[in-house]
Amino acid sequence: MQSSYNVIKNNTVKPTGLREIVTNIDIEKAVDPEIEKNTKPYIENYENLAKNILENARRQSEQIKLKAFDEIRILEQEALDKAEQLKKEAFEKGFTEGQQEGFNKAYYETIDSAKQEAEYIISNAHEVLNNAKTEYENYLSEKTREIGELVLSISRNVIKREIEDKGMINEMILNALETSKNSKNFIIRCNSLHIDELKSQVDNWKEQLGFFGDIFILKDNSLEPGNAVIDKGNGRIVVGIDYALLRIKDILEGKE
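What follows is the structure in structure tokens.
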């Protein structure tokens with residue numbers, strides 16, 4: 012039986028051989044629950060801010076409509092008051108039947124003028140409302156993009172700090188191995204920054220999982236620090252910063 016722990020250096024394995032292992036197979040992706048817990052507050056803050064922006068836009072839109080309707084009611088009342096005043100003055104002055112025609116003309120002209128002015132106010136109110144809606148939609152879209160970028164930036168720093176300071180990549184790999192512990196062997200590829208740390212954890216992983224196969228560690232500096240790829244014979248599991256950020260980005264864009 013082979014040793015329970017092996018470290019394979021890059022120059023002992025042909026690149027093509029490694030590629031053959033992972034060609035035409037499914038790829039699984041895993042992210043540690045701790046990472047999701049640490050980044051969740053930032054996502055919730057983003058969602059709350061977006062909701063507040065939308066609510067403010069709705070409130071201001073309602074205020075514009077209410078103001079327009081108030082102005083319309085005032086104009087209509089002014090038109091009615093003016094017409095009533097003309098009518099009163101006409102009767103008080105004892106207009107003749109011929110003069111009454113002039114009064115009626117003035118009366119209806121006043122009403123028509125008031126209606127036209129009211130229609131103009133309504134049309135203008137709708138235009139103001141549409142412009143406000145467009146303005147707030149553009150504002151929200153821009154702020155959503157800015158907030159998303161900020162959340163990703165903060166999340167990257169949080170995750171990176173967790174991985175570097177607390178060895179979280181060990182936990183992510185352990186969780187990933189646990190989902191596939193029926194595999195015969197594992198080949199873990201990671202940046203050289205993590206080689207020694209992962210080497211020290213192999214026996215612990217095997218003991219915790221009750222795993223009797225081999226776990227190989229392969230240096231691969233094409234992977235950024237904080238990321239690892241676990242080859243399990245019939246597929247791959249990708250863990251680390253990049254996938255965690257991809258998941259966060261999908262959440263921000265409403266894909267999850």
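So the sequence shown is numbered by the working numbering: it starts at 12 and just counts up by one.
All residues carry an ideal CB built from backbone N, CA and C; glycine is no exception.
- Scanning Ser233, Gly244, Pro236 and Lys78 for the CA closest to the CA of Ile226 turns up Gly244.
- Between Ser211 and Lys230, the beta carbon gap of about 15 Å keeps them out of contact (Cβ cut-off 8 Å).
- Assigned with DSSP and collapsed to three states, Lys78 falls in helix.
- Residue state for Asp253 is assigned as helix, using DSSP reduced to three classes.
- Sequence-distant partners of Ser194 (beyond 5 residues in either direction) whose C-beta falls short of 6 Å from its own C-beta, in its chain, are Lys243 and Gly244.
- For Leu188, there is no enclosing beta strand (DSSP E); the enclosing alpha helix (DSSP H) covers residues Met179 to Thr190.
- In the assembly as shown, Lys78 is an exposed residue. Its beta-carbon has fewer than 16 other beta-carbons within 10 Å.
- According to DSSP, Asp242 shares a beta bridge with Ile198 and Arg247.
- Taking the CA atoms as reference points, Leu234 sits about 54 Å from Glu138.
- Less than 8 Å divides the Cβ of Ile241 from the Cβ of Ile199.
- Distance from the CA of Pro236 to the CA of Asn142, rounded to the nearest whole angstrom, comes to 48 Å.
- Distance from the Cα of Glu218 is smallest, within the candidate group Glu208, Cys201 and Leu185, for Leu185.
- About 7 Å separates the beta carbon of Glu208 from that of Asn181, a gap short enough to meet the 8 Å contact definition.
- Take Trp216, set aside five residues on each side of it, and the residues of its chain with a beta-carbon closer than 8 Å to its own are Ile184, Leu185, Leu188, Phe222 and Ile226, in chain order.
- Approximately 6 Å separates the beta-carbon atoms of Ile228 and Ile206; this is inside 8 Å, confirming the contact.
- With distances taken between CA atoms, Gly246 lies nearest to Lys192 out of Asn232, Lys192, Asp214 and Leu220.
- Ranked by Cα distance from Met179, the options Val250, Thr145 and Asp214 are led by Val250.
- In the three-state reduction of the DSSP assignment, Asn142 falls in the helix class, which pools H, G and I.
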